[in-house]
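Counted the way full-length UniProt numbering counts, the sequence shown spans residues 1 to 259. The beta carbon of each residue, even a glycine, is placed where N, CA and C say it ideally should be. Keep in mind the model is a prediction, meaning the values are calculated, not measured. Presented below is the structure to which this report refers.
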Amino acid sequence: MAGFRQRARAFGDIAMVAHPSVSLFIELSDGEGLAYDVAGQSRRGSVVLGLLPGQVRAAGCTTVNCLQIRLEPIVAAAVFGVTTGAVVALEDLWGRDAERAEQRLRAATSWDERFNVAEEILGARLSTRTSVDPEVAHVWRRTFASRGRVRVDGLADEVGWSRKRLWSRFRSQLGITPKRAAQLMRFDHAAHLLAAGHAAGRVASESGYVDQSHLHRDVKAFTGLTPTAVAEAPWLAIDDVAWPGSASRGRLVNGRSHP
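Structure representation (structure tokens):
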């Protein structure tokens with residue numbers, strides 16, 4: 001989790017980079033807050049962004065307060081009942097519970113209290129719903145641990161399924177194929193190396209790409225940007241502040257992180 005506060009009256013326009021998680025943005029602003037645009041779909045308020053939603057931009061012109069929660073897709077499938085590849089209003093998934101959640105979070109007096117309230121809300125929903133098949137969960141986590149550098153056919157053998165069955169179950173439950181999931185995780189690793197200042201050639205080699213051209217094609221496909229532009233993406237810079245190291249929760253207030 002990360003809490004974001006932007007006091008400037010002109011927040012501007014930020015391109016959001018694809019990430020191997022389902023992201024929940026809970027709007028806590030007094031004004032209109034952020035507007036999210038995905039492939040021509042525009043949403044305001046609290047939204048859920050699924051895996052590979054396409055090119056996402058967030059824009060705002062008022063003081064912004066929002067809570068971002070990244071969920072492993074396996075967990076998100078249970079919490080939301082669906083893993084979507086686009087932007088969906090939280091109200092469409094949770095109904096009136098979405099408004100109740102926002103009210104509780106707005107009433108909290110600190111970010112730590114908001115984190116605790118959010119954990120309680122998500123935990124309650126998770127405890128009453130089933131998640132994905134254990135085999136699908138295993139394949140996702142093995143792929144994640146390898147940063148996308150794993151043979152999908154080998155994973156099918158590990159869980160005792162045929163490649164066709166794995167493809168079908170994985171896609172129906174998580175919204176993408178195992179191969180596409182591996183590409184996303186490899187891209188995510190490469191994007192953060194680029195943001196850390198590493199040269200594209202070195203990033204391609206360390207991330208498992210055939211060559212620099214291969215890296216360029218994947219980055220372009222995921223973001224519509226060049227590797228150079230991705231390296232300068234504000235959202236990746238925020239990542240290292242809001243989620244330092246392997247921390248699962250963080251807080252970003254006025255550009256500064258707090259333990």
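By the criterion of a C-beta distance shorter than 6 angstroms, LEU193 is surrounded in its chain by VAL203, once the five residues flanking it on both sides are discounted. For the pair ASP157 and LYS179, the Cα-to-Cα distance works out to about 15 angstroms. Within the model, the alpha-carbon separation for MET16 versus ILE176 is close to 19 angstroms. The DSSP-derived three-state label of GLN183 is helix. For GLN212, there is no enclosing beta strand (DSSP E); the residue is part of the alpha helix (DSSP H) that begins and ends at 212–223. Taken through DSSP and simplified to helix, strand or coil, ILE238 comes out as helix. Taken in chain order, the whole alpha helix (DSSP H) runs of length 4 or more contained in the stretch 22–91 are 73–80. Under DSSP, MET16 shares a beta bridge with VAL56. The beta-bridge partner set that DSSP reports for ARG5 consists of ASN65.
A direct Cα-Cα distance of roughly 40 angstroms separates SER146 from GLN103. When secondary structure is reduced to three states using DSSP, TRP161 falls in the coil class, being assigned neither helix nor strand.
Per DSSP, the continuous alpha helix (DSSP H) segment holding ALA101 begins and ends at 96–107. Within the same chain, Cβ atoms closer than 8 angstroms to the Cβ of ARG186 are found at ARG147, GLY148, ARG149, SER207, GLY208, TYR209 and ASP218, the five residues on either side in sequence being excluded.
Relative to the Cα of ALA182, the nearest Cα in the group GLU99, TRP167 and TRP140 belongs to TRP140.
Of the residues assessed, GLN41 falls on the exposed side of the cut-off, its CB having fewer than 16 other CB atoms within 10 angstroms. DSSP places SER127 in the uninterrupted alpha helix (DSSP H) bounded by 111–127. In this structure, DSSP gives THR228 a helical state, which the three-state scheme calls helix. A straight-line Cα-Cα distance of about 46 angstroms links ASN65 and SER162.
SER29 has its alpha-carbon roughly 33 angstroms from the corresponding atom of GLN173.
Closest in alpha carbon position to HIS198, among GLU120, ALA118, ILE121 and PRO227, is PRO227. A direct Cα-to-Cα measurement between THR109 and VAL117 gives close to 11 angstroms. Straight-line measurement puts the Cα of GLU27 at about 21 angstroms from the Cα of PRO73. Nearest C-alpha to SER131 among PHE170, ALA59 and ALA89: PHE170.
Using a Cβ distance threshold of 8 angstroms, LEU184 and ALA200 do not count as a contacting pair. Collapsing the DSSP output to three states places ALA199 in coil. Rounded to the nearest angstrom, the gap between the Cα atoms of GLU99 and VAL38 is 23 angstroms.
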